[in-house]
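Novice:
There are 2 protein chains.
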Amino acid sequence: MNSTKETIKKAAINLFYKKSYFATAMSNIALDSSIRKASIYHHYASKEDILYDILMTTMKELTIYIETCLEGVENIENRMRAAVRAHVKFHCDRQKEVLISDSELRGLTANNYKSFVAQRDAYEKIFQDMIIQGMDQGYFAAGDAKVISYAILTMCTAVAHWFNPKGRLSGNQISNIYEELVVTRLLRESLPLHSFENSVLEEE
Amino acid sequence: MNSTKETIKKAAINLFYKKSYFATAMSNIALDSSIRKASIYHHYASKEDILYDILMTTMKELTIYIETCLEGVENIENRMRAAVRAHVKFHCDRQKEVLISDSELRGLTANNYKSFVAQRDAYEKIFQDMIIQGMDQGYFAAGDAKVISYAILTMCTAVAHWFNPKGRLSGNQISNIYEELVVTRLLRESLPLHSFENSVLEEE
DNA sequence: AAAAATCTACCGTACGGTAGGTAGGCATTT
DNA sequence: AAATGCCTACCTACCGTACGGTAGATTTTT
């Protein structure tokens, strides 16, 4: 891709992230790209076009990334582990873009909105299918598959809201923690059926 | 509170929710309130002032609600259950306001931002303290308390992103599911220590 | 010399907010 | 009880600014 176009896109990502889409002016993007405002229109048809490019590209890259990470992984539990790791890692590495994807959809007009949501739904279906399959086959604890899918996906997505690249934990460390949380806690039966009940944990 | 002020606030909530804060014009709010634009300034000093009112009031009401729900509940597990229930219920009942609270903070100038974040941090500390206490006393499974707090809070907060008042599940039903997910899955030891290991669940 | 990339200069519009006025209710003064 | 002054709540009309986008000339690259 054209390098100027990339510069514009990166400036837009930073501004949309910091100030939001509607609070960002084309002149802001131009200034941060060291270019005149009118020149942006040589690369993008409109302001919305920049937003759409950011959203769609990010969602497609996320899908490709997760598919790559799932390649060759057989066991359903391991597939789920790989998917959670990949999702969380991506949301740490691409924090700004995914936050924009999460909160600036209202900047899209009907057609663009539709195609983005279709792309996102396809992505989320990867998780939902795995969870349903794992439950059906008895590898994951039974439960409301839809709600549990939402719970897992939103929890993993929200990492982008609090992750700090300069913080105590790296993206990889957080991925590890979430992999465990999701697979060995959220999805696995708490106790081997019928034994122990709640005995150990409910004293007092 | 003055009824006109409430009308303005409600119109603003709907518009900020549907179109975002920056994409909403004072004239939009005026139109939806059946009032002239200038009259809004009799009740609110500025557009930001409306946003601040919405954000701050919602966060204070959430805090009061959760404190009420925790009153008299003794056992740490039951306290956690009550807290999760309350949080999720509030996020279903007050969907629009909490979504605004989640995504429109960039509309606040420094001072307003600071006081809102202080209020929000105080609220989140209620959860964090419970989780740390539960872990220290051995009622909850050990783990990175900070990360687990974030995981739980963001997961429960995100219910507002997908909850549909006309959908299959009511706010109460979702609260029930989340209460179980958080307390008996996320926070409870998967297996009684030292026995069983992962034997039962890792066949294949 | 053609094409691509960028520029200056500008357009119409809509924004947040203000100036200043009016209508009516309700005390206080005469 | 009539007149006065003040207050709340709202209005019309407007201001300065900044927005997204365009026209068309100019420069740079191929």
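Same order as they appear, the protein sequences are chains A and B. Residues in the first sequence are numbered from 1089 upward in steps of one, following the numbering used here. Residues in the second sequence are numbered from 1089 upward in steps of one, following the numbering used here. Even for Gly, the Cβ is constructed at its ideal location relative to N, Cα and C. Quick caveat, the model's predicted, so the values are computed rather than measured.
1. Taking a contact to mean a Cβ-Cβ separation below 9 Å, would you say residue 1188/B touches residue 1142/B in this structure?
2. Determine the direct distance from the alpha carbon of residue 1196/B to that of residue 1205/B, and round the result to whole angstroms.
3. Given this structure, state the Cα-to-Cα distance separating residue 1181/A from residue 1124/A, to the nearest angstrom.
4. Cβ of residue 1136/B less than 9 Å from any chain A Cβ?
5. Just to confirm, are residue 1186/A and residue 1263/A a CB contact at a threshold of 9 Å?
6. Among the candidates 1228/A, 1193/A, 1223/A, 1156/A, whose CA atom is the shortest distance from the CA of residue 1137/A?
7. With a cut-off of 8 Å on the beta carbons, I'd call residue 1184/B and residue 1102/B a contact; round off their distance for me.
8. Which residues in the same chain have their Cβ closer than 8 Å to the Cβ of residue 1108/B, if we skip the five residues on either side of it in sequence?
9. In the structure shown, what three-state DSSP assignment does residue 1143/A receive?
10. Is residue 1243/A close to chain B, meaning its C-beta is less than 9 Å from at least one C-beta of that chain?
11. Looking at C-alpha atoms only, which residue of 1167/A, 1177/A, 1202/A is the closest neighbour of residue 1258/A?
12. By the 9 Å beta-carbon criterion, what residues does the region 1181-1199 of chain B contribute toward chain A?
13. How far does the alpha helix (DSSP H) with residue 1125/B in it extend, from its first residue to its last?
14. Let me see if you follow: with CB-CB separation under 9 Å, is residue 1214/B close to chain A or not?
15. Would you kindly check if the distance between the Cβ of residue 1179/B and the Cβ of residue 1245/B is under 9 Å?
16. Are the region 1220-1229 of chain B and the region 1223-1234 of chain A touching by the rule of at least three beta carbon pairs closer than 8 Å?
17. Would residue 1216/A pass as a contact of residue 1239/A if the rule is Cβ separation under 9 Å?
18. Please state the DSSP three-state secondary structure of residue 1256/B.
19. Between which two residues does the alpha helix (DSSP H) harbouring residue 1208/A extend?
20. What are the residues of the region 1118-1130 of chain A that lie near chain B, defined by any Cβ-Cβ distance shorter than 7 Å?
21. In whole angstroms, what separates the C-alpha of residue 1105/A from that of residue 1162/B?
22. Name the chain A residues that come within less than 7 Å of residue 1238/B, Cβ to Cβ?
23. List, in order along the chain, the chain B residues whose C-beta lies closer than 9 Å to that of residue 1246/A?
24. For residue 1092/B versus residue 1134/B, is the C-beta spacing smaller than 9 Å?
Specialist: This is what the structure gives:
1. Within the second sequence, residue 1188/B is the residue found at index 100, counting from 1. Within the second sequence, residue 1142/B is the residue found at index 54, counting from 1. Yes; because the gap between Cβ atoms is below 9 Å, this pair is in contact.
2. Position 117 of the second sequence, counted from the first residue, corresponds to residue 1205/B. Position 108 of the second sequence, counted from the first residue, corresponds to residue 1196/B. Distance from the CA of residue 1205/B to the CA of residue 1196/B, rounded to the nearest whole angstrom, comes to 11 Å.
3. To locate residue 1181/A, count along the first sequence from 1; it is residue 93. To locate residue 1124/A, count along the first sequence from 1; it is residue 36. Roughly 30 Å separates the two Cα atoms.
4. Here residue 1136/B refers to the residue found at position 48 of the second sequence. Taking Cβ atoms only, chain A never reaches closer than 9 Å to residue 1136/B, which makes this a no.
5. Translated into the one-based positions of the first sequence, residue 1186/A becomes position 98. Translated into the one-based positions of the first sequence, residue 1263/A becomes position 175. In terms of Cβ geometry, residue 1186/A and residue 1263/A do not form a close pair [threshold 9 Å].
6. By one-based count along the first sequence, residue 1137/A stands at place 49. Of the listed residues, the one whose Cα sits closest to residue 1137/A is 1193/A.
7. Within the second sequence, residue 1184/B is the residue found at index 96, counting from 1. Within the second sequence, residue 1102/B is the residue found at index 14, counting from 1. Between residue 1102/B and residue 1184/B the Cβ distance is about 7 Å, and since that is below 8 Å, they are a contact.
8. Taking the second sequence and counting its residues from 1, one reaches residue 1108/B at position 20. Closer than 8 Å at the Cβ level, and outside the excluded window around residue 1108/B, lie 1191, 1192.
9. As a first step, residue 1143/A must be located in the first sequence, where it is residue number 55. If DSSP states are grouped into helix, strand and coil, residue 1143/A belongs with the helices.
10. On the first sequence, position 155 is the one that residue 1243/A refers to. Residue 1243/A counts as touching chain B.
11. Residue numbering aside, residue 1258/A sits at position 170 when the first sequence is read from its first letter. When only C-alpha atoms are compared, the closest one is 1177/A.
12. Those would be 1190, 1191, 1192, 1194, 1195, in chain order.
13. Residue numbering aside, residue 1125/B sits at position 37 when the second sequence is read from its first letter. Run containing residue 1125/B: 1125-1131, per the alpha helix (DSSP H) assignment.
14. By one-based count along the second sequence, residue 1214/B stands at place 126. Output row for residue 1214/B: interface = no.
15. Working through the second sequence from its first residue, we reach residue 1245/B at position 157. Working through the second sequence from its first residue, we reach residue 1179/B at position 91. In contact: residue 1245/B and residue 1179/B (Cβ atoms closer than 9 Å).
16. Because the criterion of three Cβ pairs below 8 Å is not met, the region 1220-1229 of chain B and the region 1223-1234 of chain A do not touch.
17. Numbered from its first residue, the first sequence carries residue 1216/A at position 128. Numbered from its first residue, the first sequence carries residue 1239/A at position 151. Note that the C-beta distance between residue 1216/A and residue 1239/A is not below 9 Å.
18. Here residue 1256/B refers to the residue found at position 168 when the second sequence is read from its first residue. Three-state result, residue 1256/B: coil.
19. Counting from one through the first sequence, the residue named residue 1208/A turns up at place 120. Counting along the chain, residue 1208/A sits inside the alpha helix (DSSP H) bounded by residues 1198-1224.
20. Correct list: empty, as no residue qualifies.
21. In the first sequence, residue 1105/A corresponds to position 17, counting from 1. In the second sequence, residue 1162/B corresponds to position 74, counting from 1. When only Cα atoms are considered, residue 1105/A and residue 1162/B end up about 42 Å apart.
22. Against the second sequence, residue 1238/B aligns to sequence position 150. For residue 1238/B, the residues of chain A that pass the 7 Å Cβ criterion are 1250, in the order they occur in the chain.
23. Taking the first sequence and counting its residues from 1, the one referred to as residue 1246/A is at position 158. The contacting residues are 1238, 1239, 1241, 1242, 1243, 1245, 1246.
24. Here residue 1092/B refers to the residue found at position 4 of the second sequence. Here residue 1134/B refers to the residue found at position 46 of the second sequence. Cβ atoms of residue 1092/B and residue 1134/B: not closer than 9 Å.
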